[in-house]
Amino acid sequence: MRRLVPALLALLSVPALTTPASAAEAEFEVVTARGEFGSSAPTYEPDLVPVGAKASVFSLSAPEFGTGVTLVVRGLLPNREYGAHAHTKPCGPDGAAAGPHYQKRVDPVSPSVDPAYANPSNEIWLDFTTDRFGTGFSTTRVPWQFDADRRAGSVVVHETHTHTHPGHAGTAGARLACLSVAF
C-alpha cells in the first residue's frame, strides 16, 4: 500500500494537468468505481476472487496526458498473480458479457492475440500481484483518451498475468470477476 500513494500522486502531478497551456488542455476527466465482489460486482470464480473482496478503479484522462488508470483490490488470495484489463462492456451474469478488451486501435481479427493490437499501449492492462494480506494494486498510463462514442465499460480480473507472445498476446486465462466502470 505504501507504493499506492506515490502512484496516485504521480497521476495527479502531471504538468499538463497543473499548468495548462490553453483552455482545451485544462479539460480532463476523472472516473471512479468501486464494488464488492458477490454483491455490487460479480465474481465468477469465488475460490479465486472470494465473495466480499473489494475493488476500486480511479481513472484520470486529459488531452496532453492520455489516460491513467489505477486498480486497487483487497480480500483476494494472498501472494497470487492476477491479470486485469479494461473491457468494452459493463459486467454481466458471466465473464463473456463484458466483451473483449477495449482497444484504441481495434484488431480486425477476434479474438485478438496479435501483439500489434493486444499490447499495453493499445489496451488498458492492470496486472497485479497480491501481498500476504490479499491486497494488490496496479497503475498504468496510455498516451490516448477514450473516444466519445466508444468507451470501455468494465475492468475484468483474470486468472493469470497477461501473455505477450504472438498467438497468445493479451490472454490472461479465465475471467474471474468484473467491476463495471463508466469510462
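Mapped onto mature numbering (1 follows the signal peptide of the UniProt record, and there is no 0), the consecutive letters of the sequence shown carry residue numbers -23 to -1, 1 to 160. Built from N, CA and C at the ideal position, the CB exists for glycine as well.
In three-state DSSP terms, what is residue i?
{"i": "S157", "result": "strand"}
{"i": "G72", "result": "helix"}
{"i": "R82", "result": "coil"}
{"i": "E6", "result": "strand"}
{"i": "A63", "result": "strand"}
{"i": "G43", "result": "strand"}
{"i": "E58", "result": "strand"}
{"i": "P22", "result": "Note on identity: in this sequence residue 22 is Glu, with Pro being the wrong assignment. Coil at E22, not helix or strand."}
{"i": "A1", "result": "Note that A1 scores 49 on pLDDT, short of 50, meaning its location in the model is unreliable; the coordinates nonetheless yield the value given after this. The answer is coil: DSSP assigns A1 none of H, G, I, E or B."}
{"i": "R128", "result": "coil"}
{"i": "T141", "result": "coil"}
{"i": "L(-15)", "result": "Because the pLDDT of L(-15) is 44, which lies under 50, any placement of that residue in the model is unreliable, and the question is left without a value."}
{"i": "S89", "result": "coil"}
{"i": "A146", "result": "coil"}
Which value, in whole angstroms, describes the spacing of the CA atoms of residue i and residue j?
{"i": "F160", "j": "E22", "result": "25 angstroms"}
{"i": "H78", "j": "R51", "result": "23 angstroms"}
{"i": "F123", "j": "L37", "result": "11 angstroms"}
{"i": "D104", "j": "S115", "result": "6 angstroms"}
{"i": "M(-23)", "j": "G113", "result": "In this prediction, M(-23) has a pLDDT of 49, which is less than 50 and means its spatial position is unreliable; what the coordinates show is noted afterwards. The alpha-carbon atoms of M(-23) and G113 are separated by roughly 8 angstroms."}
{"i": "A93", "j": "E41", "result": "24 angstroms"}
{"i": "A10", "j": "P143", "result": "33 angstroms"}
{"i": "E6", "j": "P120", "result": "15 angstroms"}
{"i": "A147", "j": "V86", "result": "Reading off the sequence, residue 147 comes out as Gly, not Ala. Near 13 angstroms, if we compare the C-alpha coordinates of V86 and G147."}
{"i": "residue 207", "j": "G111", "result": "Nothing about residue 207 can be reported from this structure: the residues present for the chain run from -23 to 160 only."}
{"i": "R128", "j": "R109", "result": "34 angstroms"}
{"i": "P88", "j": "H145", "result": "10 angstroms"}
{"i": "N99", "j": "D91", "result": "11 angstroms"}
{"i": "S17", "j": "R82", "result": "31 angstroms"}
{"i": "P67", "j": "E4", "result": "25 angstroms"}
{"i": "G76", "j": "A95", "result": "14 angstroms"}
List the residues that DSSP assigns as beta-bridge partners of residue i.
{"i": "W121", "result": "In the DSSP output, where bridge partners are listed per residue, W121 has none listed."}
{"i": "F110", "result": "Paired residues: none, contrary to the question."}
{"i": "R152", "result": "H135"}
{"i": "A32", "result": "G12, V50"}
{"i": "L37", "result": "V7, G45"}
{"i": "S98", "result": "Answer is none; S98 lacks a bridge partner."}
{"i": "S115", "result": "L48"}
Would you say residue i and residue j are within 9 angstroms of each other, going by their C-beta atoms?
{"i": "V28", "j": "V132", "result": "no"}
{"i": "H62", "j": "T139", "result": "yes"}
{"i": "G72", "j": "L153", "result": "yes"}
{"i": "L48", "j": "A32", "result": "yes"}
{"i": "G12", "j": "S157", "result": "yes"}
{"i": "H135", "j": "A151", "result": "yes"}
Using only CA atoms, which one of the options lies nearest to residue i?
{"i": "G15", "options": "V8, F5, A30", "result": "A30"}
{"i": "G60", "options": "G130, T107, W121", "result": "T107"}
{"i": "V46", "options": "D24, W102, V83, P19", "result": "W102"}
{"i": "D24", "options": "N99, Q80, D91, R57", "result": "R57"}
{"i": "R118", "options": "T137, A39, V26", "result": "A39"}
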